[in-house]
Structure formats: structure tokens, C-alpha cells
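Residue numbers (full-length UniProt numbering): 1 to 161.
Following: one structure in C-alpha cells, then a few remarks.
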Ligand SMILES: CC(C)(COP(=O)(O)OP(=O)(O)OC[C@H]1O[C@@H](n2cnc3c(N)ncnc32)[C@H](O)[C@@H]1OP(=O)(O)O)[C@@H](O)C(=O)NCCC(=O)NCCS
């Protein structure tokens with residue numbers, strides 16, 4: 001049994017989140033943390049291990065919710081669990097905490113986009129009650145002057161009941 005905690009991400013966490021993606025991903029997380037200060041986004045991390053001065057806690061999951069992108073809904077984004085910590089239920093805990101942020105901002109729908117070729121993540125979201133409402137062209141920068149483009153399925157969960 002390892003103690004864990006879910007908390008708001010701080011700028012200091014960014015240096016320890018390199019496992020979650022490349023430089024562009026860390027930049028996107030840094031912008032999300034900035035936007036969390038004006039309540040446009042919320043960014044959460046899960047730490048595992050004992051915290052405090054002599055603690056061994058380290059960041060094992062990160063995720064964000066964009067509270068402004070979709071009218072009436074919060075969009076869960078940048079979900080990532082450190083590879084050796086996957087399939088232990090942390091993704092489920094993270095999603096529940098992000099949904100609580102959506103509710104806390106008076107929104108009753110959560111949406112998220114999952115790449116068409118990521119069936120494992122899609123299965124988790126379906127298990128948690130997300131249903132497909134469409135698909136969209138998705139993409140993000142992966143280097144200087146380079147972008148990755150893909151098709152994502154847009155999923156939605158009604159949080160009102
Ligand atoms: C997708 C992702 C965020 C899910 O996080 P996770 O911590 O692995 O998710 P969970 O453990 O809550 O649930 C996933 C699996 O664990 C199982 N599980 C959940 N709780 C469990 C428990 N208490 N005991 C045993 N198994 C459990 C689920 O049935 C599911 O099964 P699978 O391993 O066959 O897929 C994570 O796997 C990840 O970072 N993947 C790479 C990046 C990615 O795809 N991000 C999503 C982009 S949309």
C-alpha cells in the first residue's frame with residue numbers, strides 16, 4: 001500500500017512531469033497552470049509516497065480540465081499516468097477529481113477527446129459513463145514547425161445525475 005494524494009498542480013511540479021510528454025506537452029501544461037490562476041482551467045496531479053520534508057512523494061499522474069473551451073461543459077485534457085503506475089486505478093481517481101472541478105464550477109457536462117487508435121483509454125472512459133457524441137480533427141505541436149494531426153472521438157458524460 002502506497003499513500004497517495006490528489007492536489008492542484010504547482011509550477012514546481014512541471015520539472016518532474018517530463019515522463020508525461022515532450023517539451024511541447026510541458027509547455028502546454030505550463031500554460032494550463034497559468035490559466036488555472038484565472039479559473040479558466042484546473043490542473044491536478046496525483047503524488048504517491050509520503051509527502052513532507054523527509055518524504056518520498058513523486059508525481060505519478062497529471063490531468064487538466066478546460067472550463068472555457070466548450071459552452072456549458074468542462075473538457076478533460078492532458079490525462080496521463082506514469083507508465084509503471086498504470087492500471088492501478090489512478091486514472092479513474094484522476095478523472096473523478098477533474099469531474100469534481102467541472103461540477104464545482106457549476107457545469108454539468110464533462111467532455112473529452114480520445115484518439116481513434118487509443119482503444120484502451122476509450123474503454124476506460126466508456127466504463128466511467130462517457131458516450132460518443134462525434135469526432136473531430138485533432139492535433140498538437142510536436143516540435144519546431146511540426147504538428148501531429150489525428151482524428152479523435154469526442155465523448156461526453158452528463159454529471160447532473
Ligand atoms: C489512459 C490512462 C490515463 C488511464 O489511467 P490508468 O491509471 O491506467 O487507469 P485505471 O487504472 O483507472 O483504469 C485502467 C485499467 O485499470 C483497470 N483497473 C482500474 N481500477 C482497478 C483496480 N482497482 N484493480 C485492478 N484493475 C483496475 C481497469 O479495468 C483498466 O483496465 P486495462 O488495464 O485493461 O485498461 C493511462 O493509462 C495513460 O496515461 N495512458 C497513456 C496516455 C493516454 O493514453 N492518455 C489518454 C489520452 S485521451
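Glycine included, each C-beta is placed from N, C-alpha and C at the ideal position.
Review point. Name the DSSP bridge partner or partners of residue 102?
Key: In the DSSP output, where bridge partners are listed per residue, residue 102 has none listed.
**Study point:** Neighbourhood of residue 48 by C-beta distance below 6 Å, restricted to the same chain and skipping five residues each side
**Key:** 2, 4 and 60
**Study point:** For residue 141, three-class secondary structure by DSSP
**Key:** Residue 141: strand per DSSP, three-state reduction.
Review point. Are residue 17 and residue 63 closer than 7 Å when you measure CB to CB?
Key: Contact flag unset, no.
Check your understanding: residue 6 and residue 46 look like a contact to me (Cβ under 8 Å); what is the Cβ gap, rounded to whole Å?
Key -> 5 Å
Review point. Roughly how many angstroms lie between the CA atoms of residue 121 and residue 81, to the nearest whole one?
Key: 11 Å
**Study point:** Buried or exposed (CB count within 10 angstroms, at least 16 for buried), residue 101
**Key:** buried
Point to revise | Of the residues 155, 146 and 151, the one placed nearest residue 24, counting alpha carbons only | key: When only C-alpha atoms are compared, the closest one is 146.
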